[in-house]
Every structure is written in C-alpha cells, then in structure tokens.
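In our numbering, the protein residues as written are 35 to 185.
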C-alpha cells in the first residue's frame, strides 16, 4: 500500500460471525489473512478453498476488498462440503490442476509441507501488516501462530 494511503475500510470491518469461533475457524481466517498479505501479487487469480460455509460472506467481503486494493487480482472463494474435502485437497494440490487452491484450511493437509506442496509462511510473520503498520505476529491470533508454526 502506498505511503499515506488508508487501508480499505471493508478489510477492517468484520463480517457477522457466530458467537463461538473454533480453532479451525481461527486457523482459516489467519491463513487467509497471511496468504493474501504475504507479498506482492501480480495480476491473475488467487483461489481459496474452505469448508466454512457459514463464513462464505465474510471470505467474499475480504476477497472483494483485497481485489479493490490490488487491481488485476481476482480472488476465487470455493466453499466445499466437509465430507470429501481432505480427499479433494490431497488430489488437487499434488496434481496442480486448475482447481488446486492457493489458500486452504491447512488442518486438512497433514504431510503436504514435508512433500514440498505448501509454503512455509513463518518468515512472513515478521513483515509489516499494511493495514496496521505492525508486524503480522502482533496482529494474527496467537492460536493461529502457534498451531501453524513449522519447525
């Protein structure tokens, strides 16, 4: 974000959430935030796959706000049924097909990092969050950081 430009208010406005968030929900949101903010994205498509149908509207709001901040980028949100999601991930990601997601619920992807199929986002947590000016480690949920740590 250029110096002096304010973040898109849509990114700061939380979507309507249910009263109770699970660890899975926090991990999904943290992964989305870290993934979308992890670097300069060139024009093209970024895809997100999740089983959190109850948060579709929130994911879509974040995706549209990100697109406004990054013209030429299209974020595709895929909400899939929980039954079969892990199998779908384990076939789409290694195959690298057109439906393979860039961002996804990593709690369904055990062993993929060791096989070179996932990026280690740990180095990114020290980078500045463009929406707060503070490092991501200070703005992401500590639960997300602890559960998502590699190594």
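Ideal Cβ placement from N, Cα and C applies to all residues, glycine included.
Note that the coordinates shown come from a computational prediction; the quantities given were computed from them, not determined experimentally.
For residue 133, the closest of 174, 146 and 111 by C-alpha to C-alpha distance is 111.
Here residue 113 is not near residue 100, since their CB atoms are 8 Å or more apart.
Taking every protein chain shown into account, the CB of residue 84 has 16 or more other CB atoms within 10 angstroms, so this residue is buried. Scanning its chain for C-beta atoms nearer than 7 Å, with the 5 sequence neighbours on each side dropped, one finds around residue 77 the residues 106 and 107, in chain order.
Residue 137 is positioned such that its CB atom lies no closer than 8 Å to that of residue 159. In this structure, 143 is the residue among 171, 98, 167 and 143 with its C-alpha nearest to the C-alpha of residue 128. The residues 110, 135 and 136, in chain order, have a CB closer than 6 Å to that of residue 81 in the same chain once the five nearest residues on each side in sequence are set aside. With contacts defined as CB atoms closer than 8 Å, residue 147 and residue 154 qualify as a contacting pair. Assigned with DSSP and collapsed to three states, residue 128 falls in helix.
The three-state reading of DSSP puts residue 78 in strand, counting E and B together. Bounds of the beta strand (DSSP E) holding residue 112 are 107-113. In the displayed model, residue 168 falls within coil according to three-state DSSP, outside both helix and strand.
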